[in-house]
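Heads up: the structure comes next, in structure tokens.
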Amino acid sequence: MLILIQVQEEMRNGQVPLEKYVTTKTLTKPPEAYPDAKNQPHVLVTQRLKQQGYSSGCSVGDTIPYIICYEQGGSSGSAGGIAQRARHPEELKGEQGTWLIDIDYYLSQQIHPVVSRLCASIQGTSPERLADCSGLDSSKVKYTS
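Residue numbers -19 to 125, in my numbering, belong to the letters of the sequence shown in order.
Listed below in structure tokens is the structure:
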């Protein structure tokens, strides 16, 4: 449990490198050929990069990195769906703090579910307790087995 407390504190204090938050996905077709582009983070990131004049790394077969963020002044999860909140790592470096890494997203959607499954058989642990140790509101975390 202590490691969860330590990890979430490091994340919230900005001690975790940007690269640790990166998710990658490969384009399997041209970005404009995705009928559900608005639900595909890597596609929206690619389309935005192309609109900004970047063409390198935006073709079929390219791996697109992205990080889930929220707009400064907003709150975690408030700026639309996951795909709309995805940003290329270079966008975060260049936008002078306009977009912030959504730490709660990574704790609740990436870390908590995995840790909960791994700890399910350990007596004295529960998804609620793990959420509390992760700095999450245990009443808002979805639990699946």
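Ideal Cβ placement from N, Cα and C applies to all residues, glycine included.
Item to check | Outcome for K0 when other beta-carbon atoms lying within 10 angstroms are tallied against a minimum of 16 | outcome: By the Cβ-count criterion, K0 is exposed, with fewer than 16 other Cβ atoms from all chains shown falling within 10 Å of its own Cβ.
Checklist entry - Since Q103 and T78 are thought to touch, with beta carbons under 8 Å apart, how far apart are those beta carbons, to the nearest angstrom? => result In fact, because the Cβ distance is near 46 Å, the residues do not count as touching under 8 Å.
Checklist entry - Relative to the alpha-carbon of L(-2), which residue among C49, I62 and G33 has its alpha-carbon at the smallest distance? => result C49
Checklist entry - Just how far apart, CA to CA, sit P(-12) and S101? => result The sequence given here has Gln at residue -12, not Pro. So the alpha carbons of these two residues sit roughly 23 Å apart.
Next on the checklist: Which residues does DSSP list as the beta-bridge partners of K5?
Outcome noted: I44
Next on the checklist: Under DSSP, the beta strand (DSSP E) around L(-2) begins and ends at which residues?
Outcome noted: L(-2) -> no beta strand (DSSP E), and no H or E assigned at all.
Item to check | Rounded C-alpha distance that separates P69 from V23 | outcome: 15 Å
Next on the checklist: Classify R(-8): buried if its beta carbon has 16 or more other beta carbons within 10 angstroms, exposed otherwise.
Outcome noted: exposed
Item to check | Terminal residues of the beta strand (DSSP E) in which I81 lies | outcome: W79 to I81
Checklist entry - So is S119 buried or exposed if we call it buried at 16+ other beta carbons inside 10 Å? => result exposed
Checklist entry - At which residues does the alpha helix (DSSP H) containing R109 begin and terminate? => result P107 to C113
Item to check | Which listed residue (Y86, Q89, L87 and P107) has its alpha carbon closest to that of S96 | outcome: P107
Checklist entry - Which residues in the same chain have their Cβ closer than 8 Å to the Cβ of Q62, if we skip the five residues on either side of it in sequence? => result Before going further, note that residue 62 is Ile rather than Gln in the sequence given. Excluding sequence neighbours, I62 sits near P21, I48 and Y85.
Item to check | Closest by C-alpha distance to V2, when choosing among P11, G115 and I81 | outcome: I81
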